[in-house]
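S.K.: Position 31, counted from 1, in the sequence shown is what this note's numbering calls 553; the numbers after and before it change by one each time, with no gaps.
By construction, the Cβ of each residue, glycine as well, lies at the ideal position given by its N, Cα and C atoms.
Please read these numbers as outputs of a predicted model, since none were measured by experiment.
Below you will find the structure I want to go over with you.
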Amino acid sequence: MSSGRGPVINGGIKPDLVAPGFNITAAKAGTTNQYITFTGTSMSTPFVSGVVALMLDANNNLTPSQTKDILTSTAQAWDGLNPNNDYGFGRLQAFEALMKTCKMHGSKCKPCKKHDCDDKHDKCDKHDKYDRYEECYKYDEYFKYNDDYRSRHDKCDKHDKCDKHDEHECREKLMQPSHLKASGTIDTSYRSDWYEFYVTELGIPVGITLLTTSPVPPTDPDLFVFDRNFNPIASSTSSSRQDTVSFIPNYLGKYLIQVYRFSSTSVSYNLDISVFGKDLRLYEKTN
Numbered sequence: 523m524s525s526g527r528g529p530v531i532n533g534g535i536k537p538d539l540v541a542p543g544f545n546i547t548a549a550k551a552g553t554t555n556q557y558i559t560f561t562g563t564s565m566s567t568p569f570v571s572g573v574v575a576l577m578l579d580a581n582n583n584l585t586p587s588q589t590k591d592i593l594t595s596t597a598q599a600w601d602g603l604n605p606n607n608d609y610g611f612g613r614l615q616a617f618e619a620l621m622k623t624c625k626m627h628g629s630k631c632k633p634c635k636k637h638d639c640d641d642k643h644d645k646c647d648k649h650d651k652y653d654r655y656e657e658c659y660k661y662d663e664y665f666k667y668n669d670d671y672r673s674r675h676d677k678c679d680k681h682d683k684c685d686k687h688d689e690h691e692c693r694e695k696l697m698q699p700s701h702l703k704a705s706g707t708i709d710t711s712y713r714s715d716w717y718e719f720y721v722t723e724l725g726i727p728v729g730i731t732l733l734t735t736s737p738v739p740p741t742d743p744d745l746f747v748f749d750r751n752f753n754p755i756a757s758s759t760s761s762s763r764q765d766t767v768s769f770i771p772n773y774l775g776k777y778l779i780q781v782y783r784f785s786s787t788s789v790s791y792n793l794d795i796s797v798f799g800k801d802l803r804l805y806e807k808t809n
């Protein structure tokens, strides 16, 4: 996630929220077939502005203050204090922001295409063409997922072209990684905190961020990631208060994180992970 950190010069909290900004690939300006991969707020800003454009498309009477309120109130909080100078109100939640826009202003927003099924009985004949979103999701007046809609209403006979995997695939479109977090202090009696966590989905990047909460310099720790056999996967040894790494896991199961203190003084930190996984825990302190 990327955003400019606070506090601002008058002591106010900055940022408002954070959005994806690490190793983002985009079209290269002035070319027809080239791409760039950068990190920073220049890459995260288009995510936010794109969501705002969709919100205004749903309701073009939104004021700037209403737009900001929707974005900040639907953001996923990433720290105990909300807002704070690292994450603001939290991570941008595009889908929730759009649904709140619709609910607040009575718009008929539907992220699904209308199909030919009879809405009353939901019986589909051989001529119906299903749209995956519509087959799997039905939004009530509060735009919440009706979990048993398919089982109660979706009556497809042998002629219907209904893929049994559609519901699973549709659910995946709205799945988001877990946000695992921990904090700690490495005092002068040892050098490293070791964490383990478990990956439950393959093919999806894991993002790990280490934030120093002690004064920097000289207490900036370093971040290392290993597989279950202690083979190195990724590392960051920057001199700033933040270290960030990402990688694509090649197996399901346990991965290891080392937070290493190289300074002569103790260091405190926050650790957070975006991962389709679970069970982040401190399991060892070593020299």
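1) Assuming SER564 is part of the alpha helix (DSSP H), what are its boundary residues?
2) Given a cut-off of 7 Å, decide if LEU802 and LEU724 are closer than it, judged by their beta-carbon atoms.
3) Out of curiosity, what's the CA-to-CA distance linking SER796 and LYS807?
4) Can you tell me the Cα-Cα spacing of THR594 and VAL570, whole angstroms?
5) Nearest CA to the CA of SER762: which residue from ARG713, PRO743 and GLY775?
6) Applying the criterion that 16 or more other CB atoms from any shown protein chain within 10 Å of the CB defines a buried residue, is ALA541 buried or exposed?
7) Can you tell me the Cα-Cα spacing of MET577 and ASP794, whole angstroms?
8) Do GLY610 and PRO537 count as a contact pair if the criterion is CB distance below 7 Å?
9) Am I right that SER711 and TYR782 are in contact with their C-beta atoms under 8 Å? What's the rounded C-beta distance?
10) Taking just the CA atoms, how far does PHE719 sit from VAL747?
11) Hey, out of SER705, THR741 and GLN588, whose CA is closest to VAL789's CA?
12) What residue does the beta strand (DSSP E) around SER595 start on, and which one ends it?
13) Report the option in TRP716, THR722, ASP709 and ASN751 whose CA atom is closest to the CA atom of SER785.
14) In the DSSP output, what is GLY799 paired with across the bridge?
15) Taking buried to mean at least 16 other C-beta atoms within 10 Å of its own C-beta, is THR560 buried or exposed?
16) Let me confirm a value: THR759 is counted as buried when at least 16 other C-beta atoms fall within 10 Å, else exposed. Which label applies?
17) Would you call the CB atoms of ILE726 and PHE798 closer than 7 Å?
18) Going by DSSP, which residues form a beta bridge with SER762?
19) Quick check: ILE535 and PRO586, are their CB atoms within less than 7 Å of each other?
20) Note down the Cα distance separating CYS756 from GLN598, rounded to an integer number of angstroms.
21) Would you list the residues sitting across from THR559 in a DSSP beta bridge?
22) Which residues does DSSP list as the beta-bridge partners of ILE708?
23) So what does ARG613 bridge to, in DSSP terms?
24) Kindly indicate which three-state DSSP category THR735 falls into: helix, strand or coil?
25) Expressed to the nearest angstrom, what Euclidean distance is found between the alpha-carbon atoms of SER736 and ILE531?
26) Consult DSSP for THR808 and reduce its assignment to one of helix, strand or coil.
27) Among TRP600, VAL573 and LEU603, whose alpha-carbon lies nearest the alpha-carbon of ILE592?
28) By alpha-carbon positions, which one of THR547, ALA619, ASN555 and THR553 ends up nearest to LEU812?
M.R.: Result, derived from the coordinates:
1) In the sequence shown, residue 564 corresponds to position 42, counting from 1. Secondary structure note for SER564: its alpha helix (DSSP H) is the uninterrupted segment 563-580.
2) Within the sequence shown, residue 724 is the residue found at index 202, counting from 1. Within the sequence shown, residue 802 is the residue found at index 280, counting from 1. It is not a contact, given that the beta carbons lie outside the stated cut-off.
3) Position 274 of the sequence shown, counted from the first residue, corresponds to residue 796. Position 285 of the sequence shown, counted from the first residue, corresponds to residue 807. In this structure, the CA atom of SER796 is about 23 Å from the CA atom of LYS807.
4) Reading the sequence shown from its first residue, position 72 is the one you call residue 594. Reading the sequence shown from its first residue, position 48 is the one you call residue 570. Spanning the two alpha carbons is a distance of roughly 11 Å.
5) As a position in the sequence shown, residue 762 is number 240, starting the count at 1. Nearest of ARG713, PRO743 and GLY775 to SER762, Cα basis: PRO743.
6) What you label residue 541 is simply residue 19 of the sequence shown in a count that begins at 1. Its Cβ being crowded by 16 or more others within 10 Å, ALA541 is buried.
7) For the purposes of this step, residue 577 is identified with residue 55 of the sequence shown, where counting begins at 1. For the purposes of this step, residue 794 is identified with residue 272 of the sequence shown, where counting begins at 1. For MET577 and ASP794, the distance between alpha carbons rounds to 29 Å.
8) Along the sequence shown, one-based indexing puts residue 537 at 15. Along the sequence shown, one-based indexing puts residue 610 at 88. Yes.
9) Within the sequence shown, numbered from 1, the residue matching residue 711 stands at position 189. Within the sequence shown, numbered from 1, the residue matching residue 782 stands at position 260. Not really, about 15 Å apart at Cβ, beyond 8 Å.
10) Against the sequence shown, residue 747 aligns to sequence position 225. Against the sequence shown, residue 719 aligns to sequence position 197. If you draw a straight line from the Cα of VAL747 to the Cα of PHE719, it comes to about 11 Å.
11) Position 267 of the sequence shown, counted from the start, is the residue given in the question as residue 789. When SER705, THR741 and GLN588 are compared, the shortest CA-CA separation from VAL789 is found for THR741.
12) Position 73 of the sequence shown, counting from 1, holds the residue named residue 595. Annotation: SER595 is outside any beta strand (DSSP E); the continuous alpha helix (DSSP H) that includes it extends over 586-596.
13) Here residue 785 is taken as the residue at index 263 of the sequence shown, counted from 1. Checked all of TRP716, THR722, ASP709 and ASN751; the closest Cα to SER785 is ASP709.
14) Here residue 799 corresponds to residue number 277 of the sequence shown, with the count starting at 1. Paired residues: VAL721.
15) Numbered from its first residue, the sequence shown carries residue 560 at position 38. Residue identity differs from the one stated: residue 560 is Phe in this sequence, not Thr. PHE560 should be labelled exposed.
16) Numbered from 1 along the sequence shown, position 237 holds the residue referred to as residue 759. So THR759 ends up on the exposed side.
17) For this step, residue 726 is matched to residue 204 along the sequence shown. For this step, residue 798 is matched to residue 276 along the sequence shown. Contact: yes.
18) Locating residue 762 in the sequence shown gives position 240, where the first residue counts as 1. Note: SER762 sits in no beta bridge, so no partner.
19) Taking the sequence shown and counting its residues from 1, one reaches residue 535 at position 13. Taking the sequence shown and counting its residues from 1, one reaches residue 586 at position 64. Taking 7 Å as the Cβ cut-off, ILE535 and PRO586 do not qualify as a contacting pair.
20) The residue you call residue 756 lines up with position 234 of the sequence shown. The residue you call residue 598 lines up with position 76 of the sequence shown. Note on residue identity: the sequence assigns Ala, not Cys, to residue 756. Taking the CA atoms as reference points, ALA756 sits about 27 Å from GLN598.
21) Counted from its first residue, the sequence shown places residue 559 at position 37. According to DSSP, THR559 bridges with THR547.
22) Residue numbering aside, residue 708 sits at position 186 when the sequence shown is read from its first letter. Bridge partners of ILE708: VAL789.
23) Taking the first residue of the sequence shown as position 1, residue 613 is located at position 91. For ARG613, which the question treats as bridged, DSSP gives the partners VAL540 and GLN598.
24) Within the sequence shown, residue 735 is the residue found at index 213, counting from 1. THR735: coil per DSSP, three-state reduction.
25) Residue numbering aside, residue 736 sits at position 214 when the sequence shown is read from its first letter. Residue numbering aside, residue 531 sits at position 9 when the sequence shown is read from its first letter. Taking the straight line joining both Cα atoms gives about 20 Å.
26) Indexing the sequence shown from 1 puts residue 808 at position 286. THR808 falls in the strand class under three-state DSSP.
27) Here residue 592 refers to the residue found at position 70 when the sequence shown is read from its first residue. The option with the nearest alpha carbon to ILE592 is VAL573.
28) Examination of residue 812 is not possible in this model, given that the chain is present from 523 through 809 alone.
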